[in-house]
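Enquirer: By my numbering, the letter at position 24 of the sequence shown is numbered 226, and the numbering carries on one by one without gaps. All C-beta atoms, glycine included, are put in the ideal place defined by N, C-alpha and C. In this text, all values refer to a predicted model and were calculated from it rather than measured experimentally.
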Amino acid sequence: MQIGLTGLTVGFTKPSSPVRPAMLIFMLLAMIVYIPTAKDRVDNIFQVSWGTSQAVLATYQYIDVALVNRWDFEFSGPQPREPAKKLTSPYGTDIFWNRSKFDFYTTSSFRNCVTPFETRFITSATLHLVTCYPLLDALTLLGDPEKQAALFAESRISLLSRLVNYLVLSTSVTAISLIMVATGMSEPAWWKPLFNFGNGFPFTVLKNRIFAPSTYITDNVLKLSRGSLVSRYMTLVLTFIFSAGFHGLGDIACGIPLHKTGASPPPMAQVAAIVVDDLVQYM
203 MQIGLTGLTV GFTKPSSPVR PAMLIFMLLA MIVYIPTAKD RVDNIFQVSW GTSQAVLATY
263 QYIDVALVNR WDFEFSGPQP REPAKKLTSP YGTDIFWNRS KFDFYTTSSF RNCVTPFETR
323 FITSATLHLV TCYPLLDALT LLGDPEKQAA LFAESRISLL SRLVNYLVLS TSVTAISLIM
383 VATGMSEPAW WKPLFNFGNG FPFTVLKNRI FAPSTYITDN VLKLSRGSLV SRYMTLVLTF
443 IFSAGFHGLG DIACGIPLHK TGASPPPMAQ VAAIVVDDLV QYM
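Quick look at the structure:
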């Protein structure tokens with residue numbers, strides 16, 4: 203439902219429309235209603251975690267494309283800060299079918315990247331999909347709650363459940379990218395590697411969706427001066443809070459106590475590391 207609301211709202215309204223901020227209320231309500239009841243809806247513990255995480259990410263995605271970057275059909279994506287950089291929409295004339303294609307594109311593009319990637323994209327994506335799916339199927343086919351309890355015991359959470367998370371994320375994004383490129387709806391340049399530990403944010407598919415709410419709060423709610431030191435660190439802290447919240451809620455929905463999720467220490471440690479790095483460079 204959240205994905206559909208995002209596509210319809212961004213695909214068929216202008217960035218200045220009051221419908222966009224109003225729709226955020228429904229997105230938040232959908233997330234709040236789903237999370238406490240997720241465990242009662244499905245028996246598979248992984249599906250509970252994945253569904254909860256996606257409910258949170260869908261809300262982040264909406265804030266990103268509808269409110270922060272103000273995606274517009276006229277620009278086929280985010281509104282450029284400089285009018286001179288306006289691009290002609292590849293979707294053609296403003297008709298229902300073209301807006302529907304933009305609708306789908308909006309809900310399936312998570313990184314706004316236009317970086318050249320592999321030339322044999324379809325071949326490599328297909329091989330990746332064929333490799334990941336059987337592994338994912340083997341790990342998630344165990345519908346017996348007792349078997350799942352043993353497989354995903356607390357001592358193994360850090361290994362097996364995270365492996366399944368990686369496989370689902372990788373499989374779903376690869377499948378979407380394969381369809382988009384094969385049908386000509388997007389170029390390979392839009393689909394750079396899903397994981398990139400060299401750019402400061404390892405999970406590139408989450409980067410914009412987690413960063414956007416932080417930027418929105420810093421710029422529009424707190425109204426801090428863009429580029430200032432206070433704004434930089436406030437955005438940094440909020441980004442990792444949203445990241446910890448996204449991972450933590452997925453674990454909590456599965457019955458894992460908050461103090462055992464392990465969602466907070468890594469982000470907070472990274473914040474401290476960035477602050478220390480800034481101090482070293484300043485000195």
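Are D274 and Q263 closer than 8 angstroms when you measure CB to CB?
Expert: Taking 8 angstroms as the Cβ cut-off, D274 and Q263 do not qualify as a contacting pair.
Enquirer: In the structure shown, what three-state DSSP assignment does G279 receive?
Expert: If DSSP states are grouped into helix, strand and coil, G279 belongs with the strands.
Enquirer: Taking all protein chains shown into account, do 16 or more other C-beta atoms lie within 10 angstroms of the C-beta of M203, making it buried, or fewer, making it exposed?
Expert: Under this definition M203 is an exposed residue.
Enquirer: Near S416, which residues of its chain fall below 7 angstroms by C-beta distance, leaving aside the five closest residues on each side in sequence?
Expert: Counting only Cβ-Cβ distances below 7 angstroms, and skipping sequence neighbours, we find T437, L440, T441, F444.
Enquirer: Cα separation between T211 and L481?
Expert: Roughly 43 angstroms between the two C-alpha positions.
Enquirer: Around the C-beta of S218, are 16 or more other C-beta atoms found within 10 angstroms, so that it is buried, or is it exposed?
Expert: By the neighbour-count rule (16 or more Cβ atoms within 10 Å), S218 is not buried but exposed.
Enquirer: Which term fits T309, buried or exposed, when burial requires 16 or more other beta carbons within 10 angstroms of its beta carbon?
Expert: Classification for T309: buried.
Enquirer: How should L269 be labelled, buried or exposed, when 16 other C-beta atoms within 10 angstroms of its C-beta is the threshold for buried?
Expert: It is buried - the Cβ of L269 has at least 16 other Cβ atoms within 10 Å.
Enquirer: According to DSSP, simplified to helix, strand and coil, what is D480?
Expert: Looking at D480 - three-state DSSP - the assignment turns out to be helix.
Enquirer: Do you know how far the Cα of V383 is from the Cα of T254?
Expert: Looking at the two C-alpha atoms, the distance is approximately 29 angstroms.
Enquirer: According to DSSP, W273 sits in a beta bridge with which residue or residues?
Expert: According to DSSP, W273 bridges with P280.
Enquirer: Output the distance between the C-alpha atoms of R428 and Y435, rounded to the nearest integer angstrom.
Expert: In a straight line, the C-alpha of R428 is about 11 angstroms away from that of Y435.
Enquirer: Considering only C-alpha positions, which residue in the set K216, V370, C456 is nearest to T333?
Expert: With distances taken between Cα atoms, T333 lies closest to V370.
Enquirer: Looking only at its own chain, which residues have a Cβ that is under 7 angstroms from the Cβ of A455, when we skip the five neighbours before and after it?
Expert: I237, A240, K241, V250, S251, T254, listed in sequence order.
Enquirer: Taking only three categories from DSSP, how would you classify F399?
Expert: Caution is warranted here: a pLDDT of 46 is assigned to F399, below 50, making its placement in the model unreliable, and the coordinate value is therefore given only provisionally. Coil at F399, not helix or strand.
Enquirer: Can you tell me the Cβ-Cβ gap for T261 and L230, rounded? I've got them flagged as a contact below 8 angstroms.
Expert: Sure, about 6 angstroms apart at Cβ, within 8 angstroms.
Enquirer: CB G213 to CB S302, shorter than 8 angstroms?
Expert: Yes, Cβ-Cβ distance for G213 and S302 is below 8 angstroms.
Enquirer: Starting from P223, trace the alpha helix (DSSP H) in both directions and tell me its first and last residue.
Expert: Taken as a continuous stretch (DSSP letters only), the alpha helix (DSSP H) holding P223 covers 221-243.
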